[in-house]
Each structure stands twice: as structure tokens, then as C-alpha cells.
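Heads up: the sequence shown begins at 0 in numbering that gives the first Met the number 0, then just goes up one per residue. A quick write-up on the structure given underneath.
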Amino acid sequence: MSCEKSKYHTSLCPCAFGLALGLTSAIAILVWSIWMMYYGVPSAMAGHVMVPASAAEVVVWMAIALLKGFIFGFVLIALYNCIGGHKSRCKTSCGKGGNSGCGCGNPNCNCK
0 MSCEKSKYHT SLCPCAFGLA LGLTSAIAIL VWSIWMMYYG VPSAMAGHVM
50 VPASAAEVVV WMAIALLKGF IFGFVLIALY NCIGGHKSRC KTSCGKGGNS
100 GCGCGNPNCN CK
């Protein structure tokens, strides 16, 4: 999987997106844990939320969130790139602004 730009399309980088999503998830777990330790569990959520008892448990939950976020983000962008998220600009610019462009039968077009 490449993360490079070409003349006709840009692919999204699965590793970068996975890392960004994983870090965001881990930071959200950290903020949530600090909130729960400081203010306690709201009564409406008492049956659904387990408060981490120690900093070590928070680190474990953050590591799990980082891993899950990375895997989900990586797979999501890899599928996005494979399915066609990087469509050629030539085909979408057909007939816009007086440009006959690619995909309109222009013999001078070198888009593929």
C-alpha cells in the first residue's frame, strides 16, 4: 500500500489514519478515566460503566483502545483505497469548464 501522490489521484495512507484513530481513542479513554475517577459515575450510567480502579488499568484500557483504533482505521482506509476512493480526476472533470477531458472520447487524453 502506498501513500504517495500521483498525477491523477491521491491514496490515503492506512498506517497514518490508523495511528491517528488509535491515538484519538486512547486519549478519549484517558480523559474518560480521569473524569470518572474525579467525579464518579453518573447514576444513570452506574449499571453500564465500570470505573478503572488504578492508573495501571487505565494504561491497559488505553493500549487496547490504541490497538483497536489502529486496526479499524487501517482496515477502513485500505478498503476505501481498494474500492475506489482514489478515482481519477480526469473522469470527474469531463465536460467541466469547457474541458472535454478524459472519459469523453478525447483522443489526446492520456488518462488510464
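Glycine is no exception: its CB is placed at the ideal position from the N, C-alpha and C atoms. If you're wondering where the values come from, they're calculated on a predicted model, not measured in any experiment.
Do residue j and residue i count as a contact pair if the criterion is CB distance below 8 Å?
| i | j | result |
| --- | --- | --- |
| Ala25 | Met61 | yes |
| Gly113 | Gly72 | Coverage of the chain is limited to positions 0 through 111, which leaves residue 113 absent and any answer about it impossible. |
| Ser32 | Val57 | yes |
Using DSSP with H/G/I as helix, E/B as strand and the rest coil, what is residue i?
| i | result |
| --- | --- |
| Leu66 | helix |
| Ala43 | helix |
| Ser10 | coil |
| Met61 | helix |
| Thr91 | The predicted model places Thr91 with a pLDDT of 48, which falls under 50 and marks its position as unreliable, so this point remains unresolved. |
| Val30 | helix |
| Val74 | helix |
Excluding the 5 residues preceding and the 5 following residue i in the sequence, name in chain order all residues of the same chain whose CB lies nearer than 8 Å to its CB.
| i | result |
| --- | --- |
| Asn80 | Met0, Ser10, Leu11, Pro13 |
Between residue i and the rest of its own chain, which residues show a CB-CB distance below 6 Å, the 5 nearest in sequence each way excluded?
| i | result |
| --- | --- |
| Gly17 | Phe69, Gly72, Phe73 |
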